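Worksheet for the structure shown next.
Numbering (our numbering), first residue to last: 13 to 389.
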């Protein structure tokens, strides 16, 4: 029998993305699978049900029927309790589970006997690059952060020379130069801003400068060793944080736009911008906090709110910025999933090797238990 893959509507508030597109339906069928899509799955990404049907999927009217007997469930976010209860024992679930925070979802999946994979745990190794959902989504988040900043900023980004005089270019400071930060740097540069960026990882300096921006950091011995083998930022010492904070304080007061992107896996987002920093900025300045869903980098930022401070600084706290470019975000995410499923569908049949380094890193529940060391307890 062919592998049956199901995709259901996203039911988390504000989630506009979807886990399959007509393009990837064709690719999944080419792997030897049958694909079921719940009606309305692509609505947030402007994909009509008819497009799925024309690609070869079966469009099903309700959730339970979509999941009935399905071998694999594909989601953007973790499944709801209703979806989990409708899974057959041993079903595979692939999603961005947010497993460190969504402990109840993980426990429910274990209780249902599902083998659940968290796409955020896919390792950053060469053969897994095409499956790296964090990078595909962060790229779009970085781009969108600049668009949101430009929308909230009451002036233009590029220098404009007119008969009536010259308009100065906006000064944009990007804090955190990972995938999202570098895309923010590139986008702000394309819009004509004067861009600076900072990061605790030494490798970021060359990347920032290659995009035409200036790198700002305390470059001491600790800075030179401030990166994990996986390419993530390490937690810095209090002494380094103090020095970096002093540099940040003197720099941030001159900026028109600040975009913060710093995240530490499994931990709350580090506080980069204090109330004092915000108070030192000019009226009309804008801050976009890309880490708001993990607690935020900016003191005073509020989840899903735009806050204007007493001194006239706008702090943008939109969650799920990739979801504000849903069609492209869905397309990239769905392609990531096809590549991931290619590891476990061979010749049209399920063949899941949990010793494969990618699957082993990403599996969270299996055999009725939570098996990921970082999520247990």
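By construction, the Cβ of each residue, glycine as well, lies at the ideal position given by its N, Cα and C atoms. A quick note: this is a predicted structure, and the numbers were derived from the prediction, not measured.
Check whether residue i and residue j have beta carbons under 9 angstroms apart
{"i": "residue 192", "j": "residue 153", "result": "yes"}
{"i": "residue 197", "j": "residue 220", "result": "yes"}
{"i": "residue 378", "j": "residue 127", "result": "yes"}
{"i": "residue 300", "j": "residue 330", "result": "yes"}
{"i": "residue 228", "j": "residue 208", "result": "yes"}
{"i": "residue 88", "j": "residue 176", "result": "no"}
{"i": "residue 297", "j": "residue 326", "result": "yes"}
{"i": "residue 109", "j": "residue 353", "result": "no"}
{"i": "residue 17", "j": "residue 121", "result": "no"}
{"i": "residue 161", "j": "residue 190", "result": "no"}
{"i": "residue 27", "j": "residue 360", "result": "no"}
{"i": "residue 55", "j": "residue 387", "result": "no"}
{"i": "residue 312", "j": "residue 287", "result": "yes"}
{"i": "residue 212", "j": "residue 252", "result": "yes"}
Burial state of residue i (16 or more Cβ within 10 Å)
{"i": "residue 7", "result": "Past the edges of the chain, shown from 13 to 389, lies residue 7, and the structure says nothing about it."}
{"i": "residue 282", "result": "buried"}
{"i": "residue 279", "result": "exposed"}
{"i": "residue 332", "result": "buried"}
{"i": "residue 259", "result": "exposed"}
{"i": "residue 266", "result": "exposed"}
{"i": "residue 22", "result": "buried"}
{"i": "residue 183", "result": "buried"}
{"i": "residue 34", "result": "buried"}
{"i": "residue 316", "result": "exposed"}
{"i": "residue 381", "result": "exposed"}
{"i": "residue 262", "result": "exposed"}
{"i": "residue 57", "result": "buried"}
{"i": "residue 320", "result": "exposed"}
{"i": "residue 237", "result": "exposed"}
Close-in-space but distant-in-sequence residues of the same chain around residue i (CB under 7 angstroms, 5 per side omitted)
{"i": "residue 255", "result": "230"}
{"i": "residue 314", "result": "329"}
{"i": "residue 341", "result": "29, 149, 152, 334, 335"}
{"i": "residue 81", "result": "16, 100"}
{"i": "residue 166", "result": "296"}
{"i": "residue 337", "result": "152, 156"}
Spatial neighbours of residue i in its chain, beta-carbon cut-off 8 angstroms, leaving aside the 5 residues before and after
{"i": "residue 249", "result": "234"}
{"i": "residue 368", "result": "355"}
{"i": "residue 372", "result": "366"}
{"i": "residue 59", "result": "30, 33, 34, 53, 339, 342"}
{"i": "residue 171", "result": "178, 179, 180, 181, 204"}
{"i": "residue 370", "result": "134, 135, 137, 139, 140, 143, 352, 355"}
Own chain partners of residue i with C-beta closer than 6 angstroms, once the 5 adjacent residues on each side are dropped
{"i": "residue 348", "result": "143, 145, 148"}
{"i": "residue 273", "result": "188, 192, 193, 302"}
{"i": "residue 43", "result": "357"}
{"i": "residue 129", "result": "106, 374, 375"}
{"i": "residue 67", "result": "34, 37, 38"}
{"i": "residue 69", "result": "37, 47, 49"}
{"i": "residue 307", "result": "280, 281"}
{"i": "residue 210", "result": "187, 228, 229"}
{"i": "residue 104", "result": "84, 127"}
For residue i, the nearest candidate out of the options (CA to CA)
{"i": "residue 46", "options": "201, 345, 72, 355", "result": "72"}
{"i": "residue 226", "options": "215, 15, 181, 206", "result": "206"}
{"i": "residue 224", "options": "211, 214, 253, 194", "result": "194"}
{"i": "residue 168", "options": "25, 68, 251, 269", "result": "269"}
{"i": "residue 201", "options": "122, 185, 211", "result": "185"}
{"i": "residue 107", "options": "388, 335, 375, 181", "result": "375"}
{"i": "residue 92", "options": "76, 65, 358", "result": "76"}
{"i": "residue 350", "options": "133, 339, 84, 103", "result": "84"}
{"i": "residue 79", "options": "68, 252, 15", "result": "15"}
{"i": "residue 124", "options": "252, 102, 264, 63", "result": "102"}
{"i": "residue 204", "options": "173, 212, 321", "result": "173"}
{"i": "residue 277", "options": "132, 366, 171, 346", "result": "132"}
{"i": "residue 90", "options": "214, 25, 61, 63", "result": "25"}
{"i": "residue 247", "options": "232, 275, 271, 264", "result": "275"}
{"i": "residue 232", "options": "166, 257, 214", "result": "214"}
{"i": "residue 74", "options": "20, 318, 62", "result": "20"}
Proximity test, Cβ basis, 9 angstroms: residue i and chain C
{"i": "residue 378", "result": "The displayed structure is made up of one protein chain only, and chain C is not part of it."}
Original post:
Is there contact here, the segment 115-126 with the segment 51-58, by at least three beta-carbon pairs under 8 angstroms?
Top reply: no
Original post:
Any chance the segment 156-176 sits against the segment 134-142, with 3 or more Cβ pairs inside 8 angstroms?
Top reply: no
Original post:
Is the segment 288-300 touching the segment 92-105 in the sense that three or more CB pairs, one from each, lie closer than 8 angstroms?
Top reply: no
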